[in-house]
Every structure is written in C-alpha cells, then in structure tokens.
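Novice:
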Amino acid sequence: MIEFRIDRHSGMPPYLQIVAQVKQAMRMGLLGPGDQLPTAREVVEATTVNPNTVQKAYRELEHEGLVEGRRGTGTFVTASLATDEAKSGAPLRDDLERWMGRAAAEGVMVDVVDAIYTDVRTTYYRT
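This note's numbering puts the sequence shown at residues 214 to 340.
(1) For Val235, report the span of its beta strand (DSSP E) as first-last.
(2) Between Arg240 and Ala299, which are expected to be in contact by the criterion C-beta below 8 Å, what is the C-beta distance as a whole number of angstroms?
(3) Here's a check: name, in chain order, each residue in its chain whose Cβ is nearer than 8 Å to the Cβ of Ser223, leaving out the five neighbours to either side.
(4) Under DSSP, the alpha helix (DSSP H) around Arg210 begins and ends at which residues?
(5) If you drop the 5 nearest sequence neighbours on each side, which residues of the same chain put their C-beta closer than 6 Å to that of Asp332?
(6) How about Gln234 and Gly287: do their beta carbons lie closer than 8 Å?
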C-alpha cells in the first residue's frame with residue numbers, strides 16, 4: 214500500500230503531491246492495474262490534509278485515465294506506467310544507484326544532488 218508524504222514547504226499543492234506520488238509508484242511498478250488506493254479517510258488520517266484535497270487528487274488521476282472510482286468499494290488503478298528501465302536491477306537504474314550511493318557517502322547534500330541531476334538532465338532532455 215502506498216504511503217503519502219506531504220511536504221507543506223514544497224510550494225506544490227498537496228493534491229498535486231498525491232497525484233505525483235501515485236504516478237511515481239505506478240512508474241516503479243509498486244502500483245498496477247487492479248491495486249486499490251488508500252481511502253480518502255486513510256489518507257486524511259496519515260497526512261492531515263483535507264478530505265477534499267484527496268478527492269481532488271483522485272479525480273485528477275481518474276481524469277487522466279489512471280484510476281477508477283467505484284462507489285462503495287474505493288479507487289482502483291486501471292493503467293500501468295511501469296517500465297523495465299525503472300525496475301530494480303535495470304542497468305541504468307543500477308548505475309544511478311551507485312552514483313547516488315557515492316554522492317551520499319561523500320556527504321553531498323540532497324539539494325546539491327538535485328541541482329546536479331537537474332543540470333545534467335536538461336543537457337539531454339529539453340523541457
């Protein structure tokens with residue numbers, strides 16, 4: 214089951230954080246078709262966000278065709294975003310894990326790691 218983490222200092226609205234975390238879990242293969250998302254009540258209890266925030270996030274995911282709300286039973290994943298490249302043991306992922314482990318071992322702060330990643334990513338992927 215996915216556990217949501219809301220960063221109230223990120224500048225990103227909580228509902229978008231929930232959407233992003235569901236998509237990330239789907240990309241990593243942690244959530245797939247047929248899996249049930251936590252109920253709004255469970256998310257509210259775990260994160261202290263407003264129930265309407267959770268519903269807004271789930272509606273956005275439904276609008277994107279990734280989940281389906283079933284009255285009385287919950288919200289279920291209907292699509293897969295998983296790729297072989299993202300799975301544990303994939304060569305590129307292993308390379309990144311080694312690099313990240315080296316950065317952590319050398320004491321590089323997470324904001325510096327994020328800056329390096331973003332800089333290198335923009336060299337290869339124009340957004």
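Backbone N, C-alpha and C fix where the C-beta goes; we use that ideal spot for every residue, glycine too.
Specialist: Let's see:
(1) For the purposes of this step, residue 235 is identified with residue 22 of the sequence shown, where counting begins at 1. Note, Val235: premise wrong, no beta strand (DSSP E); alpha helix (DSSP H) at Pro227 to Arg240.
(2) By one-based count along the sequence shown, residue 240 stands at place 27. By one-based count along the sequence shown, residue 299 stands at place 86. Yes, Arg240 and Ala299 are in contact; Cβ-Cβ is about 5 Å, under 8 Å.
(3) Walking along the sequence shown from the start, residue 223 turns up at place 10. Excluding sequence neighbours, Ser223 sits near Gln230.
(4) Not covered by the structure: residue 210. The range shown for the chain is 214 to 340.
(5) Here residue 332 corresponds to residue number 119 of the sequence shown, with the count starting at 1. There are no such residues.
(6) As a working note, residue 234 is residue 21 in the sequence shown. As a working note, residue 287 is residue 74 in the sequence shown. Contact: no.
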